[in-house]
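*Asks:* Dumping the structure here so I can ask a few things about it.
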Amino acid sequence: MESKALLWKTFKDNQVEVVVIKEGNSIIVTCYAPHYLMESLLVTARDNIDMLKEMGLISLTIGYYTVYDEHAIDEEVRSLMKKLEMVERERDDLLEENAKLKDTIDTLGREVDESNKSSIQSSESEKEESKRKMAKAMKMEIDHLRSSLQSKTGIKETLIGLEKTLIEREKEIEQLQEKVSLMNIQQLKETSITLRKDQSTQSINPPKGPVYVAISDWEARRSTELSIKKGEKLEIKEERTTGWWLARSLDTDQEGNVYIGDIKKDEESELSTLESLELFHYAMTEN
Numbered sequence: 001m002e003s004k005a006l007l008w009k010t011f012k013d014n015q016v017e018v019v020v021i022k023e024g025n026s027i028i029v030t031c032y033a034p035h036y037l038m039e040s041l042l043v044t045a046r047d048n049i050d051m052l053k054e055m056g057l058i059s060l061t062i063g064y065y066t067v068y069d070e071h072a073i074d075e076e077v078r079s080l081m082k083k084l085e086m087v088e089r090e091r092d093d094l095l096e097e098n099a100k101l102k103d104t105i106d107t108l109g110r111e112v113d114e115s116n117k118s119s120i121q122s123s124e125s126e127k128e129e130s131k132r133k134m135a136k137a138m139k140m141e142i143d144h145l146r147s148s149l150q151s152k153t154g155i156k157e158t159l160i161g162l163e164k165t166l167i168e169r170e171k172e173i174e175q176l177q178e179k180v181s182l183m184n185i186q187q188l189k190e191t192s193i194t195l196r197k198d199q200s201t202q203s204i205n206p207p208k209g210p211v212y213v214a215i216s217d218w219e220a221r222r223s224t225e226l227s228i229k230k231g232e233k234l235e236i237k238e239e240r241t242t243g244w245w246l247a248r249s250l251d252t253d254q255e256g257n258v259y260i261g262d263i264k265k266d267e268e269s270e271l272s273t274l275e276s277l278e279l280f281h282y283a284m285t286e287n
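For the sequence shown, full-length UniProt numbering assigns the number 1 to the initial residue and increments by one for each residue that follows.
Shown next as structure tokens:
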């Protein structure tokens with residue numbers, strides 16, 4: 001009662017209402033001020049909030065604005081601590097997942113190396129099938145691991161790092177595939193595989209000599225001459241200084257003399273060995 005009387009006597013002339021919550025502990029001070037002074041009061045309270053907190057301030061409300069509330073801050077801190085714990089757990093999960101991913105990719109890389117070594121002793125068809133299956137399995141495994149990582153939420157920097165790791169692993173796989181392709185090209189060179197482009201019709205006897213193409217029509221006037229049509233392909237059997245060459249038609253399989261002014265070399269009739277290898281390699285990789 002003495003504390004109540006003392007507080008009442010202290011604040012009675014300032015239009016201040018004092019409510020004692022517990023003697024010797026906390027009090028609620030209700031102040032009344034003109035509306036035009038509220039903004040100045042808010043500024044003054046914010047400037048002196050640190051001093052008020054040192055004096056044991058629990059909460060301060062001016063009008064409808066809460067300047068300070070110790071309980072609300074404690075609740076916010078607890079909420080932030082919980083979120084921090086969740087983020088740390090997710091970070092640990094991502095680090096563990098990243099370690100598993102690295103082990104898996106390293107294991108797959110070793111399996112590829114072992115497969116390449118063992119495939120040398122197997123047949124060509126078995127090696128190609130094994131390489132395709134291995135590359136497909138590795139691609140599916142990496143896609144699965146990437147999907148698993150993307151489905152998780154966590155720290156942005158960690159996810160970016162994992163994505164870079166996946167890209168580097170994919171580059172390593174591409175390098176392994178290039179090595180496999182180089183092995184295929186070397187084997188093709190050893191077996192001397194040559195591809196040829198054919199027209200809609202193919203001659204019974206493939207040409208053994210150089211191939212020329214007729215640039216104009218020519219009707220034979222002698223039994224030793226060969227009638228030709230523009231675009232017809234000819235195998236040159238014998239080149240003569242007289243300007244008349246012995247040729248065989250790849251369309252009719254007939255032989256006879258043709259004038260060199262009516263023909264020109266067919267640049268597209270044969271592919272070089274390197275072009276053949278590149279075309280064969282392209283066909284294999286597309287399949």
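For every residue, glycine included, the Cβ atom is placed at its ideal position computed from N, Cα and C.
Might you give, ordered along the chain, the residues of its own chain that have their beta carbon closer than 8 Å to the beta carbon of E238, omitting 5 neighbours on each side?
*Replies:* Taken in chain order, the residues that qualify are W245, L246.
*Asks:* First and last residue of the beta strand (DSSP E) that includes S59?
*Replies:* Its beta strand (DSSP E) spans residues 59-62.
*Asks:* Could you name the residues of the same chain whose beta carbon sits closer than 8 Å to that of A220, not counting the 5 residues immediately before and after it, in chain order?
*Replies:* Here the set comprises L226, S227, G256.
*Asks:* Thinking G261 and E235 are a contact (beta carbons under 8 Å), I'd like their distance in whole angstroms, please.
*Replies:* Going by Cβ atoms, the distance from G261 to E235 rounds to 18 Å, so no, they are not a contact pair.
*Asks:* Where T194 and P207 are concerned, what is the direct C-alpha to C-alpha distance, given to the nearest angstrom?
*Replies:* Low per-residue confidence applies at T194: pLDDT is 49, beneath 50, and the placement is therefore not dependable enough to give any value.
*Asks:* Taking T165 as the reference, give the member of I105, D50, G243, K265 with the closest Cα.
*Replies:* Ranking the options by Cα distance to T165, first place goes to I105.
*Asks:* Do the region 41-51 and the region 59-77 touch if we need at least three Cβ pairs shorter than 8 Å?
*Replies:* Cβ pair count under 8 Å is three or more, so yes.
*Asks:* Within its chain, find whatever has a CB closer than 7 Å to the CB of M214; leave out the 5 residues flanking it on each side and keep chain order.
*Replies:* It is worth fixing the name first, because residue 214 is Ala in this sequence and not Met. Only I228, K229, K230, G231, E232, L234, D262, I263 meet the Cβ criterion.
*Asks:* Would I62 and L80 qualify as a contact pair, given that the criterion is a beta-carbon distance under 7 Å?
*Replies:* No, they are not a contact pair.
*Asks:* Taking the continuous beta strand (DSSP E) assigned at A247, which residues delimit it?
*Replies:* Its beta strand (DSSP E) spans residues 244-249.
*Asks:* Kindly indicate which three-state DSSP category R196 falls into: helix, strand or coil?
*Replies:* Low confidence applies here, because R196 scores a pLDDT of 47, under 50, leaving its location unreliable and the question unanswered by this model.
*Asks:* If you draw a straight line from the alpha carbon of V180 to that of L101, how long is it in whole angstroms?
*Replies:* Looking at the two C-alpha atoms, the distance is approximately 24 Å.
*Asks:* Between R169 and I142, how many whole angstroms is the CB-CB distance? I'm expecting something under 8 Å.
*Replies:* Their Cβ separation, rounded to whole angstroms, is 7 Å, which keeps R169 and I142 in contact under 8 Å.
*Asks:* In chain order, what residues of the same chain have a beta carbon less than 8 Å from the beta carbon of H71, not counting five sequence neighbours either side?
*Replies:* Hits under 8 Å: I58, S59.
*Asks:* What does E235 pair with, by DSSP beta-bridge criteria?
*Replies:* Beta-bridge pairing links E235 to V211, R248.
*Asks:* Rounded to a whole number of angstroms, what is the C-alpha to C-alpha distance between N98 and S147?
*Replies:* Taking the straight line joining both Cα atoms gives about 13 Å.
*Asks:* Exposed or buried, what is L84 when buried is set at 16 or more other beta-carbons lying within 10 Å of its beta-carbon?
*Replies:* So L84 ends up on the exposed side.
*Asks:* Under the rule that 16 or more other beta-carbon atoms within 10 Å means buried, what is Y212, buried or exposed?
*Replies:* It counts as buried.
*Asks:* Please state if the CB of M138 and the CB of L182 are separated by a distance shorter than 7 Å.
*Replies:* Their beta carbons are not under 7 Å apart, which means L182 does not touch M138 by this criterion.
*Asks:* Spatial neighbours of Q254 within its chain, please: C-beta separation below 8 Å, excluding the five flanking residues on both sides.
*Replies:* Only L226, R248 meet the Cβ criterion.
*Asks:* With DSSP as the reference, label K229 as helix, strand or coil.
*Replies:* If DSSP states are grouped into helix, strand and coil, K229 belongs with coil.
*Asks:* Pull up the distance between the alpha-carbon of E178 and that of E90, whole angstroms please.
*Replies:* E178 and E90: Cα-Cα distance of roughly 38 Å.
*Asks:* Select from L162, A135, H144, G161 the residue whose C-alpha is nearest the C-alpha of Q175.
*Replies:* Out of L162, A135, H144, G161, A135 has the C-alpha closest to the C-alpha of Q175.
*Asks:* Suppose the cutoff is 7 Å on Cβ atoms and the five residues either side in sequence are ignored; what does the same chain contact list for E172 look like?
*Replies:* Correct list, in chain order: G109.
*Asks:* In the DSSP output, which residue or residues are listed as bridge partners for G256?
*Replies:* The partner list for G256 (beta bridge, DSSP) reads A247.
*Asks:* Report the option in Y259, V87, V112 whose CA atom is closest to the CA atom of S130.
*Replies:* Selected option, being the one with the closest Cα: V112.
*Asks:* For T66, report the span of its alpha helix (DSSP H) as first-last.
*Replies:* That residue, T66, is in no alpha helix (DSSP H); its beta strand (DSSP E) goes 65-69.
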